[in-house]
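Enquirer: Please read through the structure below; I'll follow up with questions.
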Amino acid sequence: GIQVEQSPPDLILQEGANSTLRCNFSDSVNNLQWFHQNPWGQLINLFYIPSGTKQNGRLSATTVATERYSLLYISSSQTTDSGVYFCAVPATGANSKLTFGKGITLSVRP
Amino acid sequence: KAGVTQTPRYLIKTRGQQVTLSCSPISGHRSVSWYQQTPGQGLQFLFEYFSETQRNKGNFPGRFSGRQFSNSRSEMNVSTLELGDSALYLCASSLRSPTINSYNEQFFGPGTRLTVL
Chain A
400 GIQVEQSPPD LILQEGANST LRCNFSDSVN NLQWFHQNPW GQLINLFYIP SGTKQNGRLS
460 ATTVATERYS LLYISSSQTT DSGVYFCAVP ATGANSKLTF GKGITLSVRP
Chain B
14 KAGVTQTPRY LIKTRGQQVT LSCSPISGHR SVSWYQQTPG QGLQFLFEYF SETQRNKGNF
74 PGRFSGRQFS NSRSEMNVST LELGDSALYL CASSLRSPTI NSYNEQFFGP GTRLTVL
């Protein structure tokens, strides 16, 4: 099946800094989602982005499907951005079956 | 629009018991998928239900089962609990396009944290 790798595994930032989180996938995909897992475990939808660039406030995402990667940019980070960030892609022929990366743990220090 | 809801939020069981978890999708969503999250294995797909039928299944033993009702609510059941079943169980709902090559954004509930003692 498709493999999803995220990097770096851990990231520590000072409040106000910018960061780039990367997601590589092993096969072509027709979509990709980025999530933020809050301290209580819920996955919060950030982006639904098969290709191109989307922006939502301080966050933006870019997916280059032909090169099999996606990037999540966080600008002017805040302590509330802390948590685990996951990217997930659907399996070929089984669009509701998401394969997740191992996640990136972000800690933003005040 | 209300989000995906899951009940109960926390559960403690002992080995050998069985457990039933419930998930109510976003209104209008007809697909419900279940995932297990553990520190060692990460997030893994269990199964998906659409129109009361299991459409996709992950690599889990037969002790894990599920069903979906006509109102799209879903339940998953784990029988003969093992210590390794301790995990956060998440369900997700989506509209689910009838076209196999289409993808519908998935929305997750808050999860049920199961502890097996």
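Just so you know, the sequences run in chain order A and B. So the first sequence is residues 400 to 509, counted in this note's numbering. So the second sequence is residues 14 to 130, counted in this note's numbering. Ideal Cβ positions, reconstructed from N, Cα and C, are used throughout, including at glycine. The model shown is predicted, which means the values in this text are computed figures rather than measured ones.
Candidates 438/A, 446/A, 410/A, 406/A: which alpha carbon is nearest residue 508/A's?
Expert: Ranking the options by Cα distance to residue 508/A, first place goes to 410/A.
Enquirer: Consult DSSP for residue 97/B and reduce its assignment to one of helix, strand or coil.
Expert: Residue state, collapsed to three classes: helix.
Enquirer: Of all the CB atoms in chain A, is at least one closer than 8 angstroms to the CB of residue 81/B?
Expert: By this cut-off, residue 81/B is not an interface position.
Enquirer: With 8 angstroms set as the bound, which would you pick, yes or no: does the beta-carbon of residue 423/A sit closer than that to a beta-carbon of chain C?
Expert: As a matter of chain content, chain C is missing from the structure shown, whose protein chains are A and B.
Enquirer: Would you list the one or two residues that DSSP bridges to residue 499/A?
Expert: Answer is 487/A.
Enquirer: Less than 8 angstroms between the C-beta atoms of residue 102/B and residue 49/B, yes or no?
Expert: Cβ distance < 8 angstroms, so residue 102/B and residue 49/B count as in contact.
Enquirer: Quick check on the burial criterion: 16 or more other C-beta atoms within 10 angstroms. Buried or exposed for residue 25/B?
Expert: By the 10 Å Cβ count, residue 25/B comes out exposed.
Enquirer: What is the C-beta distance between residue 128/B and residue 99/B, in whole angstroms, given that I count them as a contact (C-beta under 8 angstroms)?
Expert: Right, their Cβ atoms sit about 5 angstroms apart.
Enquirer: Measure the beta-carbon distance from residue 498/A to residue 400/A and round it to whole angstroms, keeping in mind my assumption that it falls under 8 angstroms.
Expert: Confirmed, Cβ separation roughly 6 angstroms.
Enquirer: Shortest alpha-carbon distance to residue 119/B belongs to which of 483/A, 430/A, 418/A, 422/A?
Expert: The residue with the shortest Cα to Cα distance from residue 119/B is 430/A.
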